[in-house]
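A.B. asks: Chains as they are written, first to last, in my numbering: chain A, 106 to 697; chain B, 133 to 480; chain C, 402 to 556; chain D, 15 to 308; chain E, 257 to 543. Note that beta-carbon positions come from the ideal geometry of N, C-alpha and C, so glycine has one too. After the structure tokens below, expect a handful of questions from me.
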Amino acid sequence: MINLTIDNQQIEAEEGKTLLAAATLAGIDIPTLCYHPAVPSAGACRICVVEITGGGQPGLVPACAYPVQEGLEIQTESERVVASRRMTLALMLARSPGATIIQEMAQEYGAEPVPMDKGDDDCIMCGLCVRVCQDVIGQSAVCFEGRGHERKITTPYDKQSEVCLGCGACAFICPTGAIDPADYCPHPLETIPNDFNCGLDTRTPIHIPFPQAVPNKPLIDRENCIHFITGGCEACKQICPADAIDFDMTDEYVTEKVGAIVVATGYELFNPDVYAEYGYGRYPDVVTSIEFERMVSASGPTTGELVRPSTGKPPKTVVFLQCIGSRREQGGLPYCSKICCMYTAKHAILYKHKVHDGQAFVFYMDVRSGGKNYEQFVRRVIKEQMATYLRGRVAKIFPSDGKLIVRGADTLSGTQVEIAAEMVVLAPAMVPAAGIRNLAQTLRIGYDEHGFLLEAHPKLRPVETNTAGVFLAGACHSPKDIPDSVAQASAAASKVLGLISHQTLTREPTIGIVDEETCNACFECEGACAYGAIGPKELKDRKGEVTAVVAYINEGLCQGCGACAVTCRSKSIEVQGYRDDQLFAAINATGR
Amino acid sequence: MPTNKLYEGVSDWLQSAVETLSAAGMTVIAPTQGEPGVVNLTRVTSAEAIAERYDNTLLPLKGQFFPITETLLEFERCEDGDVEIQTEPLPAPDEVIVLGCRPCDAAAMGTMDKVFQWDYDDVRYRARRDRATLVAFACTTPSPECFCTSVGGSPHGDEGSDVLVFGLGGDDSGGRVLLKVNTDKGRQFIDRLGDRVRPASEGVQPPSPPELARRFDTDAVKAWLDEGFDSDFWQQMALSCLGCGACSFLCPTCHCFDIVDEATWNRGQRRRNWDCCSFSLFTLHASGHNPRPEQFSRCRQRIMHKFKYFPERFGRIACVGCGRCIRACAAGRSLAEVLTEVDARQKG
Amino acid sequence: MIQTKHDQDDTAQWQPRIVAFLCNWCSYAGADLAGMSRLSYPASIKIIRLPCSGKVDPMFVLKSFERGADMVLVSGCHPGDCHYTSGNYHARRKLKAFRELMSFLGVDPRRFKFSWVSAAEGAKWSKLVEEITAEARELGPFRTFPEAAKTEASQ
Amino acid sequence: MSRAMPNVPATTDDHALIPMDYTSSKMRIASIVDETSDVKTFRLTFCDEQEGEAFDYRAGQFGLYSVFGAGEATFCIASSPTRKGYMECSVKRAGKVTGELHQCNVGDIVGFRGPYGNWFPIDLMKGKNLVFVGGGIGLAPLRSLIWNCLDLRDQFGEIAIVYGARSVSDLVYKEELETWRQMEDVSTVLTVDPGGETPEWEGEVGFVPTVLEEANPSADNAIVITCGPPIMIKFVMMSLEKLGFGHEGIYTTLENRMKCGIGKCGRCNVGNLYVCKDGPVFSYSQLQELPQEF
Amino acid sequence: MSPEASTAQSLAQTAAEMLSQGQVALVIGYAPTEGKRLSPPVFVTTPEEAQRLGFDSRCFGNLSVYLWSPQVRQMGKTAVVVKGCDVRAVNVLLRENVIKREDIVLIGVRCGGVGDLPAHKCTVCDCRDPQGCDVVVGDAVDQPDGAAEGRYSAAEALEEKSLDERREFWQRQLDKCIRCYACRQVCPLCYCKRCIVEKSTPQWVETSAHPRGNLSWNVVRAFHLAGRCVGCGECERVCPMNIPLGAINQKMAKLMEDEYDFRSGMSPEEKAPFTTFSTDDTDEGIL
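As structure tokens, then:
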């Protein structure tokens with residue numbers, strides 16, 4: 106360890122560290138522009154100069170490049186230092202008057218631009234981008250070119266660089282934000298829509314899926330990550346101080362033996378663009394309720410500001426349309442999605458909170474507000490928030506003069522209404538999550554024509570399925586609001602606990618039994634079994650010697666369908682409860 | 133009235149017989165040609181239907197008296213819990229003439245009679261037997277599988293038949309024949325034929341039977357069987373046996389049967405069906421114990437029964453050498469060969 | 402004294418006897434739904450409930466005919482919807498082959514029906530039974546399926 | 015009526031034939047006793063009173079019982095011919111007919127034809143000491159004879175009964191076993207196989223042959239009647255030899271599969287004998303003459 | 257030397273070698289015998305007896321039926337003489353775990369067809385050269401031309417008839433059945449320890465040889481062989497009542513080939529149609 110003094114403070118530092126690193130570790134702030142811990146120092150910008158006042162040769166040295174020495178005494182804000190920085194900044198300000206960080210630092214050090222040719226380049230020639238590209242990314246896509254005032258940062262021959270990966274490390278690291286990688290990069294640099302915000306904003310390949318995500322850790326989107334596309338970059342790995350990046354990590358199939366499965370796959374929204382009359386997807390100001398939800402969210406794309414996507418200005422008139430796809434026998438779904446009435450009312454309130462002078466209209470079929478305090482809530486929206494509820498359907502939405510004309514019927518007054526709206530919010534139907542049929546078939550549970558999963562009995566066994574050990578919770582079963590989902594989830598959880606709290610499993614006795622005397626061990630039954638419940642069993646005599654191998658049905662896995670029994674030619678498998686003699690008697694009785 | 137008397141039949145005696153007997157309300161059963169190569173006993177009303185040339189019928193004569201399946205009784209469970217039982221009526225009393233079985237099959241009825249009429253008299257068998265007259269046609273061309281002479285029979289054997297018919301022309305039946313009356317029943321049959329048969333002229337003798345080599349000696353066989361129960365011969369002998377019942381079902385002397393109920397929920401029949409000692413389940417107890425668990429022990433039983441047990445019990449061999457079992461054997465096995473080997477073993 | 406069913410067949414009131422094998426989860430529930438929905442259908446059908454159409458052994462069908470059925474129906478879940486994943490697929494394959502076999506042996510294939518009826522299809526069930534009953538009535542009593550010979554074997 | 019144990023195989027000539035049409039008499043189940051988990055004793059009475067009065071049989075004979083629709087099965091008559099007016103059989107559930115019979119209720123009608131077969135040589139047994147050795151359901155035929163002898167107690171010498179089963183719950187006729195135990199002129203030894211005893215069990219624990227040897231009945235002027243599982247019989251015979259019993263004085267009864275009961279169907283044929291006609295009762299010396307196919 | 261004599265010599269030599277080297281304990285083959293309609297099976301346990309082995313056009317039998325006989329199994333490792341068509345039965349037995357490949361030795365014999373006519377199966381044979389055998393003997397033989405067309409001719413001839421004609425035909429044929437079960441016993445694939453007809457609780461198939469019981473028996477047997485029958489024709493050959501059982505089996509085999517592109521016994525790894533399914537199976541005829 107090396108002892109030295111910085112700003113009269115005794116500190117210890119590892120040998121080989123720079124003064125800058127040692128100071129930063131000690132909590133002493135030394136400004137710099139061209140330094141980054143992941144990039145070898147060059148001492149290019151001279152902002153980090155400090156004064157050696159003792160213990161060595163006195164003078165100004167760049168803190169980012171000067172190694173610690175035993176007994177060194179350093180001042181970081183001495184007059185000489187400040188003067189030096191002021192001069193440096195003055196020169197920089199002259200060259201790059203537009204760079205925000207330079208403006209700020211210049212102001213801090215009281216630097217005035219020197220009277221020379223005013224530059225218009227934000228680049229301060231620190232070369233950090235060149236170093237990161239060469240030393241960290243290893244590509245050397247950017248370099249210095251020219252001499253004197255001709256000197257600039259560019260790609261070889263000013264052409265888009267074939268070696269550029271488009272990683273953006275240069276842009277990321279540039280202290281003044283002077284680099285647009287699109288200038289250099291031959292690869293298309295697409296923006297990635299942020300799914301959580303319904304694509305209303307973008308995100309980087311490395312991102313945290315949504316603010317409440319658990320665990321709240323960033324992840325790499327492999328499909329968009331330069332490293333996974335080209336094999337290069339790895340900038341994040343170089344930069345990450347915690348060394349947390351592991352490109353070799355892959356998605357895993359996790360196999361767990363479980364005693365119960367709760368299916369809670371939730372819902373998706375019906376895609377309203379099938380209804381051309383509403384113009385969703387064509388008119389930017391026609392949004393779905395979930396998009397609206399994100400817009401008014403403080404963590405959303407507009408940080409809670411409600412603006413029209415087309416103009417960025419708050420909408421003064423918003424029309425909410427309920428039952429988009431729901432309760433529509435033809436061209437839609439016959440069922441009521443149950444939650445739309447209530448969230449639309451909530452949205453009307455939120456809207457008024459965001460846009461005080463705005464007017465909300467709601468087109469509805471019926472207001473279904475069965476639930477504790479639900480009806481009162483809707484009444485409040487109508488009375489206190491002055492939302493206009495119109496009973497009827499909207500026939501057409503079309504743009505006109507920067508607005509959307511919503512033409513619909515008010516069936517209560519029997520009139521045609523036309524509203525010039527600045528935003529239209531659609532409340533699409535709830536549909537089961539994609540892939541639900543595959544899942545249901547995998548789990549051998551029933552589903553209805555829409556894909557909602559079937560409970561074992563609508564009244565008596567509402568959270569169980571016909572497959573023992575599989576339970577349902579939430580909107581995978583039917584449209585549900587949050588309290589209903591929580592209630593069902595609680596019920597499912599308690600069913601699971603009830604199931605696994607016993608030492609032994611109680612199940613229906615309807616299972617296959619093999620007659621070991623007559624089993625031929627052809628194992629054709631194995632092929633017929635959808636549950637993998639059939640396997641070989643060794644029969645042993647008293648001495649423990651294997652006398653025969655026969656089929657064995659695992660009574661925990663068998664569901665009692667009987668496909669094996671039909672496949673068995675020697676009729677060596679009986680299904681309890683549907684035994685051959687029982688069925689024989691039943692068939693005999695048909696002849697009475 | 134003396135039996136063993138010879139009569140001559142004129143060339144159309146057969147046609148006349150069928151017509152006369154049918155007209156008298158009798159049932160005439162005769163060998164008829166079915167599919168190519170297959171002759172079986174069926175009811176006929178005209179002599180034209182009768183097969184002209186045949187070695188033997190595919191199915192043995194026994195089925196006429198001991199059908200492959202027959203109803204013993206019918207029952208019905210009534211609503212009040214009672215059961216109504218109706219014993220199947222005995223076969224109708226109209227007379228049956230079997231016209232043209234082979235001497236071996238007729239002889240086999242002697243074996244059948246023994247078992248169905250000892251101690252208990254099987255009335256169903258008895259009724260069918262009593263009403264039937266057996267008119268056998270002597271064999272002219274025994275088939276290569278025939279071995280009647282080895283078991284005490286002959287292509288011209290008398291035993292069992294009421295009348296034995298010898299063809300004097302080439303055919304079995306069509307031309308001029310000599311009818312030998314063996315029993316009173318046979319006499320009655322002759323009487324019914326009227327002028328189509330007449331006492332044979334003096335000196336007319338039946339033709340001599342065709343040559344049929346004697347292949348083994350039943351006394352030697354019996355002697356070996358007396359000691360040979362535990363011989364390893366049986367295992368070797370039985371290896372190729374597939375355990376089917378073709379030999380037994382086609383055998384004119386095999387008589388094992390099963391009694392089963394066949395019913396819907398409230399009514400049904402109790403039936404008697406042919407069964408076979410070669411079947412693995414034949415002797416299986418409900419407990420799972422099987423006194424004859426291996427195929428060889430069942431093969432042994434079949435041979436022992438025919439050539440040792442039955443003779444000991446009833447005084448005659450339960451085999452007439454018709455050769456059906458050899459013709460029917462799926463594996464090409466031959467009872468005659470087995471017995472020839474047994475004979476050879478006994479004789480060293 | 403002991404009559405066979407056909408002794409009574411030729412009356413004007415003749416009703417076909419249809420034996421139906423229904424899977425527990427779809428078709429039986431569908432028939433149940435038809436009842437709950439107060440849909441009526443002919444009483445000619447005699448239902449035997451099984452866990453799955455895949456449990457229908459061809460012997461059941463054979464035995465039903467032996468016992469005097471004029472028509473046999475097997476009904477299960479629609480393809481893909483089997484409670485046991487694939488029982489109905491197994492049934493479809495086996496019973497098609499069985500129908501072909503019976504037809505080959507001269508048994509009228511119209512006497513053997515197969516249908517998909519889901520738990521939600523009470524209306525389909527009642528309509529189906531109406532239709533097949535009408536067809537069975539048209540086909541008339543199934544006399545051709547062999548009974549045990551009344552007379553003894555002629556061999 | 016059948017004859018007892020022919021010394022010479024029967025032929026058709028030596029007596030009048032009995033007509034046989036295989037029909038069954040109807041009998042009503044008068045009572046059912048659950049002996050063990052799979053054995054029930056049925057008491058049957060003839061539906062036709064006249065038939066009932068004419069019915070006579072001897073201990074050791076059997077009959078063909080039928081449940082209409084299921085078929086016929088053979089069981090020995092388990093009650094004593096000295097007890098008139100009814101007949102009993104004990105049936106272990108094993109196959110189709112026995113399974114159906116177990117489903118029957120009191121009042122149901124079953125079929126019966128019989129009695130068939132020979133019987134225990136009770137005339138030879140008079141004045142002799144009797145040793146009954148039974149195992150499991152094999153007590154049923156012995157029970158007929160035991161009660162027969164007990165009902166004519168003064169005609170016999172000492173009577174000893176050795177009976178065992180796999181476990182206490184497998185013992186049949188439990189009440190009667192207790193009655194025999196209480197009788198002063200009958201020595202009754204009951205046993206269960208090791209492991210089959212219960213805490214309350216007061217009898218012996220051990221296999222029947224071992225217990226028989228311990229009981230050590232005298233071979234003098236004695237006749238043994240035994241019935242049980244084949245393996246038990248085998249070891250009982252060895253024990254009896256040790257105890258000095260001759261083969262002639264040991265009788266047992268065979269249970270071959272039968273269909274006709276009258277020496278025709280061929281199933282019970284063993285050697286030149288028909289178990290249904292020449293048996294089911296055989297002396298041990300007779301059995302030794304037979305092929306071992308029973 | 258005639259081809260038959262040279263085949264016999266190779267068979268005898270092969271079998272004698274296997275037996276003397278202890279490779280097998282038993283060789284099952286054919287013993288052609290003068291004056292017989294059928295060359296019966298022979299069970300050879302010593303090199304000397306191997307001289308009895310031979311092969312000619314009377315070797316109808318499918319000897320694979322003996323491979324699972326308990327007595328044969330007791331004797332130890334067994335070699336069996338198989339024709340190309342018999343190998344198909346062996347393949348099914350392997351597929352259904354009845355026998356293990358390591359327990360048997362297959363001596364294939366190239367066959368130019370059996371029977372006088374020859375048999376139908378031989379005129380449509382496409383497997384005269386035995387596949388998958390440990391040893392193959394005999395001279396090369398030609399496959400008959402156009403084998404595939406006539407493969408199911410017996411079934412097709414009946415298919416062309418009307419329903420009533422077929423009913424009439426089969427009633428007459430099946431009424432002949434005497435329930436001797438020779439068809440079952442000779443079938444290499446009827447290896448059930450307890451045949452369904454022998455299960456009495458309940459008695460699905462009536463044992464009486466009346467028309468009802470006979471139809472049930474033959475339907476159930478045909479169904480149990482559907483997708484398994486290799487068309488060896490043994491059942492039809494041995495039927496003492498000459499019932500054309502082959503036509504029924506052909507019908508089912510044709511269905512399997514038409515619907516599922518499946519021919520049984522072509523390899524031991526195949527999966528039988530009735531142990532699996534396809535979601536694409538036809539819904540035709542389903543209401």
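How about A/T360 and A/P377: do their beta carbons lie closer than 8 angstroms?
C.D. replies: Contact flag unset, no.
A.B. asks: What does DSSP give as the partner residue(s) for A/R433 in the beta ladder?
C.D. replies: Beta-bridge pairing links A/R433 to no other residue.
A.B. asks: Does A/T623 get closer than 8 angstroms to chain F when you measure Cβ to Cβ?
C.D. replies: Of the protein chains in the structure, A, B, C, D and E, none is chain F.
A.B. asks: In chain D, what lies closer than 7 angstroms to E/T463 by C-beta?
C.D. replies: What E/T463 touches in chain D: nothing, since even the nearest Cβ is about 11 angstroms away.
A.B. asks: Give a yes or no on whether the C-beta atoms belonging to E/G502 and E/G489 are separated by under 8 angstroms.
C.D. replies: Going by C-beta atoms, E/G502 is nearer than 8 angstroms to E/G489.
A.B. asks: Quick one: what's got a C-beta closer than 6 angstroms to D/Q306's C-beta in the same chain, skipping five residues either side?
C.D. replies: Cβ neighbours of D/Q306 beyond the five flanking positions: none.
A.B. asks: Which same chain residues end up closer than 7 angstroms to E/V494 when comparing Cβ atoms and leaving out the 5 residues on each side of it in sequence?
C.D. replies: Answer for E/V494: A438, C439 and V442, listed in chain order.
A.B. asks: Contact criterion: CB-CB distance below 8 angstroms. Does A/A653 meet it with respect to chain B?
C.D. replies: Closer than 8 angstroms: no.
A.B. asks: Skipping 5 residues on each side, what residues in its chain have a beta carbon closer than 8 angstroms to that of D/E102?
C.D. replies: Closer than 8 angstroms at Cβ, skipping near neighbours: T55, F56, R57, L58, I91, A92 and S93.
A.B. asks: Between C/C427, C/A470, C/L434 and C/S454, which has its C-alpha nearest C/F513's C-alpha?
C.D. replies: Among C/C427, C/A470, C/L434 and C/S454, the Cα nearest to that of C/F513 belongs to C/A470.
A.B. asks: Using a beta-carbon distance below 8 angstroms, is B/A240 in contact with chain E?
C.D. replies: Taking Cβ atoms only, chain E never reaches closer than 8 angstroms to B/A240, which makes this a no.
A.B. asks: Measure the C-alpha to C-alpha separation of D/R195 and D/P294 and round it to an integer number of angstroms.
C.D. replies: Distance between the alpha carbons of D/R195 and D/P294 is about 28 angstroms.
A.B. asks: Looking at the C-beta of C/F481, does it have a partner C-beta in chain E at a distance below 8 angstroms?
C.D. replies: The identity of residue 481 of chain C in the sequence shown is Gly, whereas the question assumes Phe. Closer than 8 angstroms: yes.
A.B. asks: Let me confirm a value: A/E427 is counted as buried when at least 16 other C-beta atoms fall within 10 Å, else exposed. Which label applies?
C.D. replies: Here residue 427 of chain A is Gln; the residue named in the question, Glu, does not match the sequence. Its Cβ being crowded by 16 or more others within 10 Å, A/Q427 is buried.
A.B. asks: Would you tell me roughly how many angstroms separate the C-alpha atoms of A/A638 and A/E660, rounded to the nearest one?
C.D. replies: Computed Cα separation, rounded: 8 angstroms.
A.B. asks: Show which residues of chain E have a CB atom less than 7 angstroms away from the CB atom of B/I200.
C.D. replies: The contacting residues are I434 and A465.
A.B. asks: In chain D, which residues lie with their C-beta within 7 angstroms of the C-beta of E/S456?
C.D. replies: Within 7 angstroms Cβ-Cβ: G109 and K110.
A.B. asks: Could you give the DSSP three-state label for B/R209: helix, strand or coil?
C.D. replies: The answer is strand: DSSP assigns B/R209 an E or B state.
A.B. asks: Between which two residues does the beta strand (DSSP E) harbouring A/T408 extend?
C.D. replies: No beta strand (DSSP E) holds A/T408; DSSP gives it neither H nor E.
A.B. asks: What are the residues that DSSP puts in a beta bridge with A/Q180?
C.D. replies: In the DSSP output, where bridge partners are listed per residue, A/Q180 has A/E156.
A.B. asks: Measure from the C-beta of B/P384 to each C-beta in chain D and report whether the shortest distance is under 8 angstroms.
C.D. replies: It does not: the Cβ of B/P384 has no partner Cβ on chain D nearer than 8 angstroms.
A.B. asks: Taking the alpha-carbon positions, what's the B/G455 to D/Y298 distance?
C.D. replies: Rounded to the nearest angstrom, the two C-alpha atoms are 40 angstroms apart.
A.B. asks: Which chain B residues are close to E/Q441, counting only those with a beta carbon under 8 angstroms from its beta carbon?
C.D. replies: Those within 8 angstroms of E/Q441 in chain B are L374, G375, C376 and A462.
A.B. asks: Which class does C/E467 belong to by DSSP, given the choice of helix, strand or coil?
C.D. replies: Looking at C/E467 - three-state DSSP - the assignment turns out to be helix.
A.B. asks: Express the C-alpha separation of D/V250 and D/Q225 in angstroms, rounding to a whole number.
C.D. replies: The identity of residue 225 of chain D in the sequence shown is Val, whereas the question assumes Gln. If you take the alpha carbons of D/V225 and D/V250, they lie about 10 angstroms apart.
A.B. asks: Residues of the stretch 335-355 of chain B with a CB closer than 7 angstroms to any CB of chain E: list them in chain order, please.
C.D. replies: Taking 7 angstroms as the Cβ-Cβ cut-off against chain E, none of the residues of the stretch 335-355 of chain B qualify.
A.B. asks: Is A/T420 helix, strand or coil by DSSP?
C.D. replies: Going by the sequence as given, residue 420 of chain A is Pro instead of Thr. Looking at A/P420 - three-state DSSP - the assignment turns out to be coil, as it is neither helix nor strand.
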